[in-house]
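One structure is given here, and the rest of the page talks about it.
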Amino acid sequence: MLERTFIIAEIASAHYGEKKNIIKLAKAATKAHFDAVKIQIFNTKNFVSTFNPSFKILKKIEFDFKEWAKIVEDLKNIKTNFIAEIFDYESLLFCERLKIFNIYKISASCVYEKKIIEKILSLKKNTIIAVGGMQFNEIKSIHNKFLKKKINYCIMIGHQNFPTHLKDLNLNKIKFIKDKLNCTVGFSDHVNADQKL
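Everything in the sequence shown is counted per the numbering used here, starting at 607 for the first residue and increasing by one.
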């Protein structure tokens, strides 16, 4: 018998730097009966080079920690699971102080950050590990770290190209990783909703 799929609504940068949009989207996701709402909390200068073309874009939509603290106070009135996607160590420590996140997601850009991994392992919280772009032996290595600590985790596969073309999805990866590692596997969908089958 299959377990029910846990469905996450990702806000990511869809708030366009507007606080009211985060609350609006979180409420809409809850009303639509998503199991959780995922937000991205980051300090751009900690994970993106100033020479990167995305730096200015990310900086423009970034909230500082004081702003996030106010936003989270409003989010606490919404009854759902909140997931914080981590992009830097400083943001992880901040998120833990907010006491609203019962699940963390390690972004694909942070799976090689030893300091972040070790801290999350020490917290022993439910964790989603994004493995887009990783080789199987690398996925197996991080899987073993979480398995050893007996932490509830999910290997999240997906693609680094946005939007993802249907022909590139290769959903067979879900079964492959599940069979090889005997763990929970998720899929991060970045397909253009307007793309026809």
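All C-beta atoms, glycine included, are put in the ideal place defined by N, C-alpha and C. Bear in mind the structure is a predicted one, so any value in this text is a computation, not a measurement.
Cβ contact (3+ pairs, closer than 8 Å) linking the region 632 to 643 and the region 662 to 679:
Touching, no, given that fewer than three Cβ pairs across the two stretches are closer than 8 Å.
With H, G and I counted as helix, E and B as strand and the rest as coil, what does DSSP make of V678?
Helix, per DSSP.
Determine the closest residue to V737 out of Y759, A714, I726, with distance taken between C-alpha atoms.
The residue from Y759, A714, I726 with its alpha-carbon nearest to that of V737 is A714.
8 Å contact criterion, which K725 and L704 should meet: CB distance rounded
Incorrect: roughly 15 Å between the Cβ atoms, too far for contact.
Roughly how many whole angstroms lie between the Cα atoms of K773 and I763?
When rounded, the distance between both Cα atoms is 16 Å.
To the nearest angstrom, how far is the alpha carbon of K746 from that of Y759?
Going by the C-alpha atoms only, they are around 13 Å apart.
Within a Cβ cutoff of 6 Å, which residues of the same chain sit near A615, ignoring the five residues on either side of it in sequence?
Excluding sequence neighbours, A615 sits near A635, F640, V643.
Between which two residues does the alpha helix (DSSP H) harbouring I617 extend?
For I617, there is no enclosing alpha helix (DSSP H), since its DSSP letter is neither H nor E.
Bridge partners for E691 per DSSP, in chain order?
Answer is Q646, K711, bridged to E691.
Rounded to the nearest angstrom, what separates P769 and L777 at their Cα positions?
Going by the C-alpha atoms only, they are around 16 Å apart.
With the cut-off set at 8 Å, would you say I709 and I692 are in Cβ contact?
The answer is no: Cβ separation not under 8 Å.
Flag this pair as yes or no: are the beta carbons of A620 and L681 separated by less than 8 Å?
L681 is positioned such that its CB atom lies no closer than 8 Å to that of A620.
By the 10 Å Cβ neighbour count, where 16 or more other Cβ atoms means buried, how is L729 classified, buried or exposed?
Result: exposed.
Here's a check: name, in chain order, each residue in its chain whose Cβ is nearer than 6 Å to the Cβ of F707, leaving out the five neighbours to either side.
Around F707: F688, A690, C701.
To which residues of the same chain is D694 closer than 7 Å at the C-beta, ignoring the five residues directly before and after it?
If the five residues before and after D694 are omitted, its C-beta is found closer than 7 Å to the C-beta atoms of F648, N649, N652, F653, all from its own chain and listed in chain order.
Taking Cβ to Cβ, would you say L727 is nearer than 8 Å to I757?
With respect to the 8 Å criterion, L727 and I757 are classified as neighbours on the basis of their beta carbons.
To which residues of the same chain is Y622 closer than 7 Å at the C-beta, ignoring the five residues directly before and after it?
Around Y622: I667.
Sequence-distant residues of the same chain with beta carbon closer than 6 Å to N732, five excluded per side
Taken in chain order, the residues that qualify are I709, N758.
Which residues does DSSP pair with T733 in a beta bridge?
DSSP output for T733 lists Y710, Y759 as bridge partner(s).
K637 versus N627: straight-line alpha-carbon distance, rounded
Between the alpha carbons of K637 and N627 lies a distance of about 15 Å.
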